[in-house]
Amino acid sequence: MGHHHEPGGLHEATPMTLDTSVDDDIARAQLLPRFDAMRRAHDASPHVDWPMRKRQLEALQAMLHKYRDAFATAIDADFGGRSSQETDMLELFPAHGNLKHALAHTRRWMRGAHGWAHLWLLPGRRSVVPQPLGVVGVIVPWNYPLLLAVGPLTDALAAGNRVMIKVSEITPRFAEVFAAAVADTFAPEWVTVVTGDAQIARAFSTLPFDHLLFTGATSIGHHVMRAASEHLTPVTLELGGKSPAIIGPGARWDHAVERIMFGKLVNAGQTCIAPDYVLVPREKLDAFVTSARRTAARLYPNAVDNPQYTSIVSPRHFARLTGLANEATAQGATAHALFDAEPQAARRRMPPVVLTGVHDGMRVMREEIFGPLLPVVPYDNLDAAIAYVNERPHPLALYVFDTDDTRIDHVVRNTLSGGVTINDTLLHVAEHTLPFAGVGPSGMGGYHGEAGFRTFSKEKPIFRQSRWNGTALLNPPYGKAFGMLIRRFLR
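Counted from 1, the sequence shown has number 357 at position 357 by full-length UniProt numbering; the numbering is strictly sequential.
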């Protein structure tokens, strides 16, 4: 396989921090040497056997253990307050689970599929053999910076690729720690981390990757896809949108409200699959506000000063959320504060608010919220709720609560979303055997587990001809025997 540094040791490579005071062409020129080194390494050893892949995955696993506290401390500092328990639960735990799943199954995934050809090509044999694509690019958002770096990295390494990661400038302390951890763990021709601002991210997306995965806003996804198209680079886009939670008429009420509030309030709603709005039976509208207030008080007592309740990541995002709430109330919505506490801009602490009386003229009902504001929309019957969802762009996630399987199936079959969790929230993304994928405006392609392995592999179809075969019967000149054969084929 040529010369490789072993993962897990110390390397002289340093994290790649770029000069951000440059134009796009210069930024790209700074990135190209590292990219080209990875491309040359792949070209020299395009076949990556199972022992090497296993070493890479085990090195990543060891890195997560070694830097666990450093990652949590950096993320806490970047957010201005996010508990280590939340980072463990929402980032480290699923990242570890995905790694264990990959270590347990990658060798089997590598075998591909083999068998006899169909009747007319017997005794030939057919195979589908997965191969590494080469160099994969990953653009990571700020809201779950560890999980959304390590998840795609796991899948891409399992598939035998080299990986270049652009981390978000909005979480600079994490970016610094993660870049140092990767440089300490992997040889630079295997994994490298790029830091820098949005200009560097733009340059990053123009590199001729063999696959590019982007997680972030739909508006930025357009630009990433446009840049990637210059090289016909295939993309996986994990975007966002307004993910609805539908409380059906037969839902276990207290359970439904609790799970919706949990999904909304972890990470202070800064989650791409958080419930963005709730559809409730019209007669339950007031009851939802009461139950939400009681549930929030139980989950996060005294939220503004509760260290387990996460801060808003930046002053700009805090101002955006404040603007959404103020605009909604100015246009007739009612804001139901779930705590007797005012937002604290200096500390970026925003207590959760339920909004009723909302309509499509409000930005809060058109834009992904990404914070602890929760609009509630009443419906008169389940078909009206389904129609409401279907009149809007396809969401990344959908949540349905009911005890009647017929009603649940009716909702699931008559809506289109990236994924679904029934009688809970968020958990379809925590299941490693399910692909994490959007649809339409909420994304394209998917990863996690075997789906991720396939995303980052070229599944090469192979036909192996037997020494004994009948293809000579198809050679010209064409006569009666050929005609009889074709008639037989077409039966």
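Don't be surprised by glycine CBs; every beta carbon is placed ideally from N, CA and C.
Starting from PRO172, follow the alpha helix (DSSP H) in both directions and report where the run begins and ends. 172-185
At 3 residues or longer, what runs of the beta strand (DSSP E) sit wholly inside the segment 315-379? 334-337, 353-356 and 373-379
Simplified DSSP assignment, three categories, for ARG464: strand
Outcome for residue 495 when other beta-carbon atoms lying within 10 angstroms are tallied against a minimum of 16: A query on residue 495 cannot be resolved here, the shown segment of the chain reaching from 1 to 491 and no further.
Please check the pair PRO141 and LEU213, which I expect to be a contact at CB under 8 Å, by giving their CB distance rounded to whole angstroms. At roughly 11 Å, the Cβ-Cβ gap does not stay under 8 Å, so PRO141 and LEU213 are not in contact.
Report the rounded CA-to-CA distance for GLY446 versus PHE436, giving the unit in angstroms. 5 Å
Through-space distance from PRO343 to PRO351, alpha-carbon basis: 6 Å
For ARG111, does the three-state DSSP call read helix, strand or coil? helix
So, THR233 versus PHE262, is the Cβ gap smaller than 7 Å? no
Going by C-alpha to C-alpha distance, which of ARG173, ASN381 and ASP404 sits closest to ALA74? ARG173
Residue from ARG347, ALA158, LYS264 and MET89 whose Cα sits closest to the Cα of ALA451: ALA158
Can you give me the Cβ contacts of HIS394 inside the same chain, cut-off strictly under 8 Å, excluding the 5 residues immediately before and after it? GLY241, LEU416, SER417, GLY418, GLY438, VAL439, GLY440, PRO441 and SER442
Backbone CA spacing between ARG467 and ALA387 [nearest angstrom]: 60 Å
Based on DSSP bridge pairs, tell me the residues matched to TRP116. ARG125
In chain order, what residues of the same chain have a beta carbon less than 7 Å from the beta carbon of ALA337, not counting five sequence neighbours either side? PRO351 and VAL353
What does ILE422 pair with, by DSSP beta-bridge criteria? VAL400
Simplified DSSP state of ASP436, which is helix, strand or coil: Per the sequence shown, the amino acid found at residue 436 is Phe instead of Asp. Looking at PHE436 - three-state DSSP - the assignment turns out to be strand.
Exposed or buried, ARG476, counting other C-beta atoms within 10 Å across all chains shown (16 or more means buried)? Reading off the sequence, residue 476 comes out as Pro, not Arg. With fewer than 16 other Cβ atoms within 10 Å, it is exposed.
Reference GLU327; option with closest CA among ALA430, ASP360 and LEU382: ASP360
Would you kindly report the start and end of the unbroken beta strand (DSSP E) that includes ILE139? 135-139
List the residues that DSSP assigns as beta-bridge partners of HIS211. VAL136
Go ahead and pull the three-state DSSP assignment for GLN270. coil
Status (buried if at least 16 other CB within 10 Å, exposed otherwise) for SER219: exposed
Are the segment 42-61 and the segment 115-133 in contact at 8 Å, needing three or more beta carbon pairs? yes
Going by DSSP, what residues sit across from ALA245 in a beta bridge? VAL278 and TYR399
From TYR478 to GLY115, what does the alpha carbon distance come to, in whole angstroms? 31 Å
Is the separation between the beta-carbon of VAL128 and that of GLY112 shorter than 7 Å? yes
Measuring straight from C-alpha to C-alpha, what distance separates LYS458 and ILE139? 21 Å
What did DSSP end up calling PRO94 once you bin it into helix, strand or coil? helix
For ASN423, the nearest candidate out of GLY248, VAL313, LEU299 and VAL364 (CA to CA): GLY248
Anticipated Cβ contact below 8 Å, THR310 with ALA268, distance rounded: 4 Å
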